[in-house]
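A.B. asks:
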Amino acid sequence: MDLKSGYPFWAVSNGLMHAFPPLREDRSCDVLVVGGGISGALIANELCAHGHDVVLVEQRDIGWGSTAASTALLQYEIDTHLIDLAKRFGEADAVLAYRACAEAIPALRAVAAGFRSVDCHPMQSLYYASKRRHGPVLQDEYDLRRKHGFDVRWLDAETVRAEYGVPAPGAILSALAARVDPYQLTYRLLMRLAKAGCAVHDRTVLHRLEPTARGVTATTPEGMRIRSRHVVLATGYAGQRWLKQKVARNRSSYAFITDPIDPDLLGPLADTMVWESARPYLYMRSTSDHRLLVGGEDDAVDIPARRDRRIAGKTGTLLKQVGKLFPHLPLQPAFSWAGTFAETEDGLPFFGPHPQWGPRILFAMAYGGNGITYSMIGAELLRARIERRRHPLAGLFGFERLDR
Numbered sequence: 001m002d003l004k005s006g007y008p009f010w011a012v013s014n015g016l017m018h019a020f021p022p023l024r025e026d027r028s029c030d031v032l033v034v035g036g037g038i039s040g041a042l043i044a045n046e047l048c049a050h051g052h053d054v055v056l057v058e059q060r061d062i063g064w065g066s067t068a069a070s071t072a073l074l075q076y077e078i079d080t081h082l083i084d085l086a087k088r089f090g091e092a093d094a095v096l097a098y099r100a101c102a103e104a105i106p107a108l109r110a111v112a113a114g115f116r117s118v119d120c121h122p123m124q125s126l127y128y129a130s131k132r133r134h135g136p137v138l139q140d141e142y143d144l145r146r147k148h149g150f151d152v153r154w155l156d157a158e159t160v161r162a163e164y165g166v167p168a169p170g171a172i173l174s175a176l177a178a179r180v181d182p183y184q185l186t187y188r189l190l191m192r193l194a195k196a197g198c199a200v201h202d203r204t205v206l207h208r209l210e211p212t213a214r215g216v217t218a219t220t221p222e223g224m225r226i227r228s229r230h231v232v233l234a235t236g237y238a239g240q241r242w243l244k245q246k247v248a249r250n251r252s253s254y255a256f257i258t259d260p261i262d263p264d265l266l267g268p269l270a271d272t273m274v275w276e277s278a279r280p281y282l283y284m285r286s287t288s289d290h291r292l293l294v295g296g297e298d299d300a301v302d303i304p305a306r307r308d309r310r311i312a313g314k315t316g317t318l319l320k321q322v323g324k325l326f327p328h329l330p331l332q333p334a335f336s337w338a339g340t341f342a343e344t345e346d347g348l349p350f351f352g353p354h355p356q357w358g359p360r361i362l363f364a365m366a367y368g369g370n371g372i373t374y375s376m377i378g379a380e381l382l383r384a385r386i387e388r389r390r391h392p393l394a395g396l397f398g399f400e401r402l403d404r
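The opening position of the sequence shown corresponds to residue 1 in the UniProt record's numbering, with each subsequent residue numbered one higher.
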C-alpha cells in the first residue's frame, strides 16, 4: 500500500539510518510483530523489555510507511471530544480513554529519554474555537475535563488573542503535550533491540498466516516460515486488508514544514502546538531547529496518484490559513507531503484479536489523530493480552466495542 506522497521531512532529514537484513531462514519466537513503523517499534520494545522473544518484520525499509509522513503531535486529546465519548460510552469509559492517553505521554517521553536527536520535548496544546458557535461546545469540553482533574485552562477571546495572537471566541490550553521525531525514534528503538538480540528484518513480506490453537505460522513468498505463539499485526493503515469487516475509512492528510524561523518570531509557538475545532482541522507545531510544521486539509482521497497531484494546491491552502492567523511569520515551505491515515467512527483505536482470526493474531490499529499516543497504550494492552492478564481498556479499545 502506497501510504505517502511528496517529501516527508523526517525521511529526508534523517536518511536511511540503518539497514536491517531481510529474512533468509526459518525462525521461531514468542511473538511475531508485523510492521516496522513507530507502532511496531513501541510494541516490540514493550514485549522485549518484559522478557518476550520477539521477531519483527517490515515489508519496506524501517519507518518508510506512515511513520515517515506522521506530524507526530503527542496529545492526550482524542479527535472525538470527551463530552461526545461520554454520551456514547458513558462518562467513566470516556474519562478512562482520555486518562490513558494522558498517562501515555510521559511514558513515551521516558522511552525516548534514552536517545539523543529524537526531539522529544514537552509542549502545551492550544485548542481554539474556529467559529463562534464552537465556543460553547469547547466550554462544555473544558468543564468536563476540569471536573476530572485534567490540567487545562480556559482562555476567553481577549486572552487567547493577547497570549497567542489567535482571533477566536475561546480556547482550551492543555499543559500536557509533546512532540517527537517518529522516524528517528523508530530507528533508534529497533537498532537497540537488534543489538540486544531481538530479530529485526526489513524488506520481508508475509503473504500467509495460519493460526492454530497453539500458535501461528507466517510464510513469506520465498517459502520461509516464522512460527510464533502470537502475531501482532502493526501494519498501520494497511492493516485493514487482513479483515473482511470494514472498521475504519482511509483518508489523506497534507503537511508542510518551513525553513527555520527566528525563535523570537515564533514566540509561544515554540512550545505550544495549535489546532482548531473545525473538521478537518488545521494544526501546527514547532521542531527543535525552530521550523513550523503545519498539517490539515484532510480529504477522502485514497488513490495515491490523486493524492500526489493535490500536494501543491493543499500546501497553498495551508499557507493561506496559517498566514491569516500569524501574518508576521515568514512561512517558506522547505518540504511538503501527504500521507494516508485512517479514522474510526468513534475516534478510538483497535487493539486485540478479531473473531475472523481467533485469539492468536492480535491487531494494532492506532487509528486517529493521536496514533503514536494510542500505540504507547496499545503496547501495554497487547502485552497484557499475551500474558493472559486483564486490562481495563481491553473492551473499549477492542473490536467488541462495535457491538455496544
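Cβ coordinates follow ideal geometry from the N, Cα and C atoms, glycine included. Computed from a predicted model, the values in this text were never measured in an experiment.
Buried or exposed: where does ILE303 fall if 16 or more other Cβ atoms within 10 Å of its Cβ makes it buried?
C.D. replies: As a working mapping, residue 303 is identified with position 303 in the sequence shown. ILE303 counts as exposed, since fewer than 16 other beta carbons sit within 10 angstroms of its beta carbon.
A.B. asks: The beta strand (DSSP E) spanning GLU179 covers which residue range?
C.D. replies: For the purposes of this step, residue 179 is identified with residue 179 of the sequence shown, where counting begins at 1. For the record, residue 179 in the displayed sequence is Arg; it is not Glu. It spans 170–179 - the beta strand (DSSP E) in which ARG179 sits, taken as one unbroken run.
A.B. asks: Give the DSSP-derived three-state secondary structure of HIS121 in the structure shown.
C.D. replies: What you label residue 121 is simply residue 121 of the sequence shown in a count that begins at 1. Strand.
A.B. asks: What is the DSSP secondary structure of CYS29, reduced to helix, strand or coil?
C.D. replies: Along the sequence shown, read from residue 1 onward, the residue named residue 29 stands at position 29. Of the three classes helix, strand and coil, the one that applies to CYS29 here is strand, per DSSP.
A.B. asks: If you draw a straight line from the alpha carbon of CYS198 to that of GLY170, how long is it in whole angstroms?
C.D. replies: Position 198 of the sequence shown holds residue 198. Position 170 of the sequence shown holds residue 170. For CYS198 and GLY170, the distance between alpha carbons rounds to 49 Å.
A.B. asks: Comparing alpha-carbon positions, which option in PRO327, LYS195, GLN332, THR220 lies nearest ILE261?
C.D. replies: Locating residue 261 in the sequence shown gives position 261, counting from the first residue. Comparing Cα positions, the closest option is GLN332.
A.B. asks: Once DSSP output is grouped into helix, strand and coil, what is the label at PHE20?
C.D. replies: In the sequence shown, residue 20 corresponds to position 20, counting from 1. Here PHE20 sits in coil by DSSP.
A.B. asks: Report the option in ILE386, PHE397, PRO392, ARG310 whose CA atom is closest to the CA atom of GLY51.
C.D. replies: Taking the first residue of the sequence shown as position 1, residue 51 is located at position 51. The shortest Cα separation from GLY51 among ILE386, PHE397, PRO392, ARG310 belongs to ILE386.
A.B. asks: Where DSSP assigns a beta bridge to ALA110, which residues make up the other side?
C.D. replies: Position 110 of the sequence shown, counted from the start, is the residue given in the question as residue 110. Looking at the DSSP assignment, ALA110 forms no beta bridge with any residue, so it has no partner.
A.B. asks: What three-state label does DSSP hand THR186 in the structure shown?
C.D. replies: For the purposes of this step, residue 186 is taken as the residue at position 186 of the sequence shown. Residue state, collapsed to three classes: helix.
A.B. asks: What residue does the alpha helix (DSSP H) around SER66 start on, and which one ends it?
C.D. replies: Counted from its first residue, the sequence shown places residue 66 at position 66. Segment 66–69, the alpha helix (DSSP H) holding SER66.
A.B. asks: Following the continuous alpha helix (DSSP H) through ARG385, name the residue where it begins and the one where it ends.
C.D. replies: Sequence index remark: in the sequence shown, residue 385 carries index 385 (1-based). It spans 371–386 - the alpha helix (DSSP H) in which ARG385 sits, taken as one unbroken run.
A.B. asks: If PRO392 sits next to LEU96, beta carbons under 8 Å apart, how far is it from one beta carbon to the other, in whole angstroms?
C.D. replies: By 1-based counting over the sequence shown, the position of residue 392 is 392. By 1-based counting over the sequence shown, the position of residue 96 is 96. Correct: roughly 6 Å between the Cβ atoms.
A.B. asks: ASP143 lies in the alpha helix (DSSP H); which residues open and close that run?
C.D. replies: What you label residue 143 is simply residue 143 of the sequence shown in a count that begins at 1. Element bounds for ASP143: 134–147.
A.B. asks: In whole angstroms, what is the alpha-carbon distance linking GLY37 and GLU141?
C.D. replies: Locating residue 37 in the sequence shown gives position 37, counting from the first residue. Locating residue 141 in the sequence shown gives position 141, counting from the first residue. Rounded to the nearest angstrom, the two C-alpha atoms are 33 Å apart.
A.B. asks: Alpha helix (DSSP H) containing GLN321: first to last residue?
C.D. replies: In the sequence shown, residue 321 corresponds to position 321, counting from 1. Its alpha helix (DSSP H) spans residues 304–325.
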